[in-house]
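Enquirer: The letter at position 106 of the sequence shown is residue 106 when you use the UniProt record's numbering, and the numbering goes up by one with no holes.
There's a structure below that I have some questions on.
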Amino acid sequence: MTSEQWGRVEEDGTVYVKTADGERSVGQYPEGTPEEALAFFTNRFDQLAFEVEQLERRVHAGKTSPDEATAAVKTVIEKVTDANAVGDLASLVARLEALAPVIATQREARKAERAAKAAEAKVAKEALVAEAEKLAQSNDWRNGANRLRELLDQWKALPRIDRSSDDALWRRFSTARTAYTRRRKAHFAELNARREDAKVIKERIIVEAEQLSSSTDWGPTAGRYRDLMREWKAAGPAPKDVDDKLWKQFRAAQDVFFGARDEANAALDAEFAQNAVVKEGLLAEAQQLLPLLEKGEDLDAVKRSFRAIADRWDEAGKVPRDRIKELEGAMRKVEQAIKSAEDAQWRKSDPEKSARADDMIAKLEEAIAQVESDLDKARSAGDDRKIKSLEENLESRRQFLEMAKRASADFS
């Protein structure tokens with residue numbers, strides 16, 4: 001429709017807009033032609049139409065909240081209704097009023113979205129509270145505090161839910177944090193007290209260790225150092241700023257003593273080196289007795305020879321510490337071989353075993369005689385089944401008798 005259909009111009013330049021309720025004056029344009037006057041006020045209408053179109057786009061795109069959109073629609077309707085412009089103002093109003101159900105739908109959608117987010121936030125906050133309460137009862141002093149700070153940051157990032165639920169969950173969360181913090185402070189206070197006690201104990205240990213460092217009573221002093229080390233470990237850590245320093249002092253005292261002991265032992269080892277040479281020769285003599293045992297030579301003669309070697313072994317004296325295990329172990333093997341031969345000889349001559357073997361032979365011979373008698377009777381009676389059973393019994397007993405005779409021979 002043309003601008004003349006929506007407005008007209010009086011001769012004095014007054015411009016009217018046509019509405020459903022009739023005409024109303026929108027202004028004057030005395031300096032120009034009627035066409036120019038209508039064009040001026042029509043341009044105002046176009047600007048209003050553009051504003052309505054932009055608002056429609058924003059509302060349909062959901063770029064403004066329902067409350068903001070409602071307020072904007074109301075403002076533009078008032079602006080269009082009383083606008084000094086020429087055009088179909090009623091259609092603009094109708095377009096604006098048509099946005100009301102769109103905004104209402106968006107309001108319901110946002111309400112449902114907020115409800116869903118609130119439900120999700122409640123679940124998330126309940127999970128945060130549950131974890132915080134679990135941490136409040138734990139002894140994870142190293143990571144617990146950091147984790148609670150992380151949980152607090154996550155809580156702050158979540159949206160608020162209904163006030164009563166939010167406040168109740170926050171009280172539980174805050175109570176858990178407070179309980180953990182108090183327990184953690186108490187733990188570290190106790191730990192610090194124990195470390196101070198450990199410091200006192202370790203300082204006392206160091207005093208004794210330094211006093212012992214000049215001792216030449218090697219065995220008992222080394223044992224006491226082992227005791228002091230156990231006491232040191234049992235004391236636990238001292239405060240971090242002194243624990244390493246105390247350990248270095250304790251270690252230094254030990255190094256002095258054990259260094260001196262090692263020097264003394266080295267001197268003794270050099271002194272005992274010749275003794276090891278002598279014992280190597282004696283060991284070779286002792287090992288030459290082993291083939292005699294294998295050949296079954298006179299065991300008493302072997303034992304006498306070994307005792308003579310053992311006496312010379314003791315007279316040879318001490319050997320260097322790093323040779324003790326080797327030489328003594330080899331000598332013990334020879335001694336054990338002689339002992340094993342002696343035990344074997346005794347077992348063979350054990351009178352009790354010999355008597356038991358003879359008794360077993362007598363009983364078996366008596367049993368065999370009885371089975372032979374029963375077998376003769378069965379054969380006379382023609383009892384094949386009993387004959388077979390008695391023959392098997394007889395064979396078994398004869399085998400046992402042979403074994404018993406061989407065993408008895410070993411004891412002879």
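Each residue gets a CB set at the ideal place from its N, CA and C atoms; glycine is no exception.
These numbers come from a predicted model, not from an experiment.
1. Ignoring anything shorter than 4 residues or poking outside the region 189–236, list the alpha helix (DSSP H) runs there in chain order.
2. On the criterion of 16 or more Cβ atoms from any shown chain inside 10 Å, does Gly144 qualify as buried, or is it exposed?
3. Starting from Ser305, trace the alpha helix (DSSP H) both ways and give me its first and last residue.
4. For residue 414, I'd like the list of residues in its chain whose CB is within less than 7 angstroms of its CB, leaving aside the five on either flank, ordered along the chain.
5. Determine the direct distance from the alpha carbon of Phe257 to that of Gln214, and round the result to whole angstroms.
6. Looking only at its chain, what residues have a beta carbon closer than 8 angstroms to the beta carbon of Pro66, apart from the 5 residues adjacent to it on each side?
7. Taking the straight line between their C-alpha atoms, what separation do you get for Glu366 and Asp358?
8. If you drop the 5 nearest sequence neighbours on each side, which residues of the same chain put their C-beta closer than 6 angstroms to that of Met1?
9. To the nearest whole angstrom, what separates the beta carbons of residue 413 and Ala209, a pair I think is in contact under 8 angstroms?
10. Pull up the distance between the alpha-carbon of Arg323 and that of Gln211, whole angstroms please.
11. Taking only the alpha-carbon atoms, compute the straight-line gap between Val129 and Ala112 and give it to the nearest angstrom.
12. Going along the chain, which residues of its own chain have a beta-carbon closer than 8 angstroms to the beta-carbon of Pro239, five neighbours each way excluded?
13. Measuring straight from C-alpha to C-alpha, what distance separates Thr178 and Leu135?
14. Looking at C-beta atoms only, is the number of pairs between the region 2–16 and the region 37–54 that lie closer than 8 angstroms three or more?
15. Taking the beta carbon of Phe173 as the centre, do at least 16 other beta carbons fall within 10 Å, making it buried, or is it exposed?
16. Put Lys142 into one of helix, strand or coil per three-state DSSP.
17. Where does Leu283 land, buried or exposed, given buried means 16+ other C-beta within 10 angstroms?
18. Mind checking who Thr19 pairs with in its DSSP beta bridge?
19. Given this structure, state the Cα-to-Cα distance separating Val277 from Ala267, to the nearest angstrom.
Expert: Reading from the atomic positions:
1. 218–235
2. buried
3. Leu299 to Ala316
4. Because the chain spans 1 through 412 in this model, residue 414 falls outside it and cannot be assessed.
5. Before going further, note that residue 214 is Ser rather than Gln in the sequence given. Near 6 angstroms, if we compare the C-alpha coordinates of Phe257 and Ser214.
6. Ile103, Ala104, Gln106, Arg107 and Arg110
7. 12 angstroms
8. Because the pLDDT of Met1 is 47, which lies under 50, any placement of that residue in the model is unreliable, and the number read from its coordinates should be weighed accordingly. Hits under 6 angstroms: none found.
9. Only positions 1 to 412 of the chain appear in this structure, which leaves residue 413 out of reach.
10. 33 angstroms
11. 25 angstroms
12. Asn192, Arg195, Glu196 and Lys199
13. 11 angstroms
14. yes
15. buried
16. A small correction: the amino acid at residue 142 is Arg; Lys does not occupy that position in the sequence shown. DSSP places Arg142 in coil when its eight states are reduced to three.
17. buried
18. Gly22
19. 17 angstroms
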